[in-house]
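Chemist: In our numbering, the protein residues as written are 62 to 345.
Questions regarding the structure given below will be posed in turn.
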Amino acid sequence: MRITEEYIDELVGAELSFDIGSGDITSETVLSPDSRAEGLIIAKADGVVAGLDFAVAAFKNVSQETFVEKLLEDGDEVHRGTHIAKISGDAIAVLSAERTALNFLGHLSGIATLTKKFVKAVEGTGAKILDTRKTTPGLRLAEKYAVKCGGGKNHRIGLFDMILVKDNHIAAAGGIENVLERLYSHAEKPPVPVEIEVTNLSQLEIALQYPVDRIMLDNFSPQLVKKAVELRKKFLKKIPFECSGRITLDTVREYAEAGVEFISVGAITHSAKQLDISLEIEIF
């Protein structure tokens, strides 16, 4: 996924406009108009960096004269005390941009950090960690970008780029067979990838009879996943399986070792803790 400068500027600009409003009255009151600032953005905890360009955009949006030198790149791992970037410029401008810059950098780095933990937990199994659409409103592309910085893969971006038939679709259509017949009753396959969610082995057996691109095993236990993998072998099918539903760092390895190709984890975007990052400056 490619994040454009226009996208970054739009998000960062909107946040700065809200935060600064009519002006940073604290900095403007207590600092001399000609005061200068120099400082370092520093990691206060171990993790993975993501969102550096968002931080740079925050400082540059307030003042193009602010100098920002990135010392690392998105995707780099950091430890407590690692220097991430150097900042220098007009002190009022630097302080006005500080919180917005660190909010984006800390939030996206937190997602990348949690993603990396899941990725490392399944190393060697061949399973890939996916995100979901459980993202912060307005930040989906940024958060999915952060997932990639952490070594994860993106699931569908929205409702438009993949057919994902879930339990509510199946219920509304009157059953899984009705859904699959509607999808594959025509000579041509749908123009986008098709994934269907199953909640039990009976539904899985039906889904395996159709040329779907992926099957989601929703809320299966690791033991049930193993049975699903054995059932797939009987059908002589190579349809990839994806596990989803309340999978944690403690259980993800067991799911991966059960033989699935993908594991989707909503928590990597909706429950990631911000990475502790600060800006330490001197004013002169």
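Every residue gets a Cβ at the ideal spot worked out from N, C-alpha and C, and that includes glycine.
(1) Note down, in chain order, each residue of its chain lying with its Cβ closer than 8 Å to the Cβ of residue 285, except the 5 sequence neighbours on either side.
(2) Using the C-alpha atoms, what's the distance from residue 116 back to residue 145?
(3) For residue 153, count neighbouring C-beta atoms within 10 Å of its own C-beta (all shown protein chains included) and say buried if the count is 16 or more, exposed if not.
(4) So, with DSSP's three-state summary, where would you put residue 247?
(5) Name the residue from 344, 332, 271, 342 whose alpha carbon lies nearest to the alpha carbon of residue 171.
(6) Mind checking which residues open and close the alpha helix (DSSP H) that includes residue 165?
(7) Whether or not the stretch 168 to 188 and the stretch 236 to 252 are in contact is what I'm after, with contact meaning three or more pairs of Cβ atoms, one per stretch, closer than 8 Å; do they touch?
(8) Please report how far the alpha carbon of residue 95 lies from the alpha carbon of residue 89, in whole angstroms.
(9) Please confirm whether any heavy atom of the ligand SAH lies closer than 8 Å to the CB of residue 333.
(10) Can you find the residues in the same chain that come closer than 7 Å, C-beta to C-beta, to residue 304, ignoring five residues on each side of it along the sequence?
(11) What whole-angstrom Cβ distance do residue 136 and residue 109 have, given they're in contact under 8 Å?
(12) With respect to the alpha helix (DSSP H) encompassing residue 202, which residues constitute its N-terminal and C-terminal limits?
(13) Which one of 150, 112, 139 has the shortest CA to CA distance from residue 129?
(14) With a cut-off of 8 Å on the beta carbons, I'd call residue 167 and residue 338 a contact; round off their distance for me.
(15) Could you tell me which residues DSSP pairs with residue 275 in its beta bridges?
(16) Give every residue of the same chain whose Cβ lies closer than 7 Å to the Cβ of residue 271, excluding the five residues on either side of it in the sequence, and list them in chain order.
(17) Buried or exposed for residue 87, please, with buried defined as at least 16 other CB atoms from any protein chain shown within 10 angstroms of its CB.
(18) By a C-beta neighbour count over all protein chains shown, 10 Å radius and 16 as the cutoff for buried, is residue 192 buried or exposed?
(19) Assign residue 321 to one of three DSSP states: helix, strand, or coil.
(20) So residue 104 packs on residue 161, CB below 8 Å; how close in whole Å?
(21) State the beta-bridge partners of residue 149 as determined by DSSP.
(22) Could you please give me the residues that DSSP links to residue 144 through a beta bridge?
(23) Can you check DSSP and say which residues form a bridge with residue 305?
(24) When burial is assigned at 16 or more other CB atoms within 10 Å of the CB, is residue 157 buried or exposed?
(25) Please state if the CB of residue 341 and the CB of residue 100 are separated by a distance shorter than 9 Å.
(26) So, with DSSP's three-state summary, where would you put residue 343?
(27) From the DSSP output, which residues share a beta bridge with residue 231?
(28) So residue 91 is in the alpha helix (DSSP H); what residue range does that whole segment cover?
(29) Would you check if the distance between the CB atom of residue 201 and the CB atom of residue 218 is smaller than 9 Å?
(30) If distances are taken between C-alpha atoms only, which option among 330, 238, 336, 276 comes closest to residue 198?
Modeler: With the given structure in hand:
(1) 262, 278
(2) 11 Å
(3) buried
(4) coil
(5) 332
(6) 152 to 182
(7) no
(8) 11 Å
(9) Ligands are entirely absent from the displayed structure, and the ligand SAH is therefore not among its contents.
(10) 278, 281, 286, 316, 321, 324
(11) 7 Å
(12) 201 to 210
(13) 150
(14) 5 Å
(15) 256
(16) 241, 245
(17) exposed
(18) buried
(19) coil
(20) That belief does not hold up - the Cβ atoms of residue 104 and residue 161 are roughly 18 Å apart, past 8 Å.
(21) 99, 128
(22) 103
(23) 279
(24) buried
(25) yes
(26) strand
(27) In the DSSP output, where bridge partners are listed per residue, residue 231 has none listed.
(28) 86 to 91
(29) yes
(30) 330
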